[in-house]
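Residue 854 is where the sequence shown ends in our numbering, and the numbering goes up by one at each step.
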Amino acid sequence: MPSPSFIYRDIYLEGLRELFGLILLPRDTMRFLSASLLMKNSVIELTGTYGVAKSTFALSVMKMFFSDLWRQPVKPIAKLRETLTEFDVFWYVDIAAMQRGDEEREVRPRPIVTAPFKFINEIRRGSPKVYQTLLSLLAEGELEYKGRVYKSADYICICDSNPKDTASFDIPRALVDRIDARVFFNALGVEGAYRMLRSRFDGGTIRYSSIIDRVHEMLTSEDMMRVWGDVERVRVPGHVLAFLALFYGSLQCARQYEIPTIGQSASIDIDRTTIEPHFRLQCDKCPYNGSLCSRLEDVWGVRWLQSTVKAARALAWIDGRDAASLADVLFAMPYTLNHRLILKDPGSYPNTFTFIRLYLPNMLRAVRENWTRAVELWAQYARGDLEALSSLKSLSQRDNAIRRLVAELERRAGGTRPVLRHPHQAA
428 MPSPSFIYRD
438 IYLEGLRELF
448 GLILLPRDTM
458 RFLSASLLMK
468 NSVIELTGTY
478 GVAKSTFALS
488 VMKMFFSDLW
498 RQPVKPIAKL
508 RETLTEFDVF
518 WYVDIAAMQR
528 GDEEREVRPR
538 PIVTAPFKFI
548 NEIRRGSPKV
558 YQTLLSLLAE
568 GELEYKGRVY
578 KSADYICICD
588 SNPKDTASFD
598 IPRALVDRID
608 ARVFFNALGV
618 EGAYRMLRSR
628 FDGGTIRYSS
638 IIDRVHEMLT
648 SEDMMRVWGD
658 VERVRVPGHV
668 LAFLALFYGS
678 LQCARQYEIP
688 TIGQSASIDI
698 DRTTIEPHFR
708 LQCDKCPYNG
718 SLCSRLEDVW
728 GVRWLQSTVK
738 AARALAWIDG
748 RDAASLADVL
758 FAMPYTLNHR
768 LILKDPGSYP
778 NTFTFIRLYL
788 PNMLRAVREN
798 WTRAVELWAQ
808 YARGDLEALS
818 SLKSLSQRDN
828 AIRRLVAELE
838 RRAGGTRPVL
848 RHPHQAA
């Protein structure tokens with residue numbers, strides 16, 4: 428694949444400087460938001476209290492970088508309310524055509540379905556039917572009505588929410604997992620509040636123009652699609668992917684469980700994504716107790732890995748680099764993981780984002796040497812060096828992710844199955 432050309436990068440960065448000169452956010456938040464708009468076919472949730480410019484940011488992005496959509500009389504915006512049905516949000520309905528039985532003309536998709544930029548306002552206030560339709564749109568990139576399929580263009584979808592809002596219906600977990608990143612919009616500090624007031628009240632007179640009025644149109648949807656294609660040319664080195672795979676392994680159970688059966692027991696591996704709620708992991712008896720896996724109540728699937736790679740590529744592109752780095756991955760992970768992990772002791776942290784932000788650097792310092800060596804040995808084993816597996820097994824005594832990797836490599840090599848033992852047989 429050719430290297431990225433960084434098409435429109437200067438214009439994009441100029442627009443971001445203008446935008447973040449008007450919307451005051453922490454430096455890290457600005458950096459991730461800058462990357463998030465370059466993650467093709469992704470969903471970004473902005474969450475924060477009232478009046479912190481979540482909607483203003485989304486609408487300003489549409490005007491600045493999707494100017495053709497901004498100029499349309501009907502914009503790709505869905506304002507969710509519990510009383511709205513899927514027809515209110517996603518379809519134009521022709522009642523006369525319905526009465527005639529003319530199925531071909533009964534509905535037409537609203538811009539929120541087909542446009543390359545989508546804004547879902549107050550995503551926590553939807554109804555079950557709206558959530559199910561939205562899940563289909565985001566998962567499949569299309570909606571179906573009576574056998575007719577209406578496709579979306581490649582897109583970026585921004586949704587906003589207030590974490591303290593209560594709603595009659597919870598967002599389905601499958602839909603939450605489709606959110607690639609959740610970004611917190613914190614309340615302004617003292618200096619930020621002062622700067623905000625100065626920007627809106629100049630010398631005692633009110634500036635009536637809003638932030639949205641002040642941002643300039645910079646790019647179109649077609650331009651952004653070219654940028655998305657260019658971002659996908661950013662390389663992700665093998666060692667970066669290997670780190671992500673090992674981190675994924677660190678979320679899983681490393682030890683086998685003794686499961687009683689009739690007259691004997693079976694040693695089996697546990698997949699945390701498929702255990703039922705009443706099953707309790709015996710972390711206190713595990714030699715890896717205290718590791719990351721033991722701090723989690725529940726672990727979701729693998730979609731966060733894809734979200735993280737997309738974010739890492741976008742971060743590299745913004746910096747003008749043709750390859751993503753481990754630093755890009757580590758920066759992105761709190762945003763792509765915070766809504767997909769369930770902590771055992773959530774009361775100890777203000778939110779999961781904070782837990783990941785604090786835990787990751789300490790974890791990395793502890794595992795860096797072992798994981799670096801494990802990646803080297805893994806590559807040697809893949810090239811046919813069987814002795815490398817023995818070295819990996821030695822490393823696995825101190826690391827649950829490497830232990831998980833070794834178990835999988837041994838199982839693939841030997842085609843092992845659950846080991847059955849008599850109840851009185853030593854383990």
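Cβ coordinates follow ideal geometry from the N, Cα and C atoms, glycine included.
How many Å lie between residue i and residue j at the Cα?
i    : j    : result
E571 : D529 : 16 angstroms
P845 : S694 : Low confidence applies to P845: its pLDDT is 40, below 50, so where it sits in the model is not reliable enough to give any reading.
F492 : T483 : 14 angstroms
N613 : A524 : 48 angstroms
S461 : Q526 : 48 angstroms
F611 : L496 : 26 angstroms
L451 : E618 : 10 angstroms
R454 : T781 : 16 angstroms
Q824 : R830 : 7 angstroms
S648 : Y577 : 19 angstroms
E659 : W744 : 9 angstroms
Q807 : N789 : 28 angstroms
V802 : R838 : 19 angstroms
D597 : P431 : 41 angstroms
L768 : F628 : 42 angstroms
With C-beta atoms as the reference, is residue i less than 8 angstroms away from residue j?
i    : j    : result
I504 : N468 : no
M466 : K712 : no
K435 : R653 : At residue 435 the sequence reads Tyr, which differs from the Lys that was named. Cβ distance < 8 angstroms, so Y435 and R653 count as in contact.
L770 : T779 : yes
L511 : V557 : yes
R532 : D521 : yes
L562 : S579 : no
C720 : S677 : yes
P791 : M760 : Correcting the residue identity first, residue 791 is Leu in this sequence and not Pro. No. Outside cutoff.
E472 : I550 : yes
Please report the Cβ distance between residue i and residue j, rounded to the nearest whole angstrom; I am assuming they are in contact, meaning their Cβ atoms lie under 8 angstroms.
i    : j    : result
R508 : R552 : 6 angstroms
L671 : V756 : 6 angstroms
In three-state terms, what does DSSP make of residue i?
i    : result
K490 : helix
N765 : coil
Q570 : Gln is not the amino acid found at residue 570; the sequence shown has Leu there. L570: strand per DSSP, three-state reduction.
P788 : helix
K771 : coil
P429 : coil
S579 : coil
N827 : helix
S660 : Note on residue identity: the sequence assigns Arg, not Ser, to residue 660. Note: R660 maps to coil in three-state DSSP.
P687 : strand
Y635 : Below a pLDDT of 50, predicted positions are generally treated as unreliable, and Y635, at 47, falls in that range; the measurement from the model is reported next regardless. Coil.
D437 : helix
F612 : strand
Any heavy atom of the ligand ZN closer than 7 angstroms to the Cβ of residue i?
i    : result
A524 : Within the structure as shown, the ligand ZN is missing, as the structure has no ligands at all.
Does the beta carbon of residue i come closer than 8 angstroms to any beta carbon on chain B?
i    : result
K467 : The structure shown contains no chain B, having only a single protein chain.
**OP:** Jot down the residue ranges of each uninterrupted alpha helix (DSSP H) in the segment 691-736, minimum 4 residues, whole runs only, in chain order.
**Re:** none
Subject >> Contiguous alpha helix (DSSP H) assignments of at least 4 residues, all confined to the segment 450-489 >> reply: 454-463
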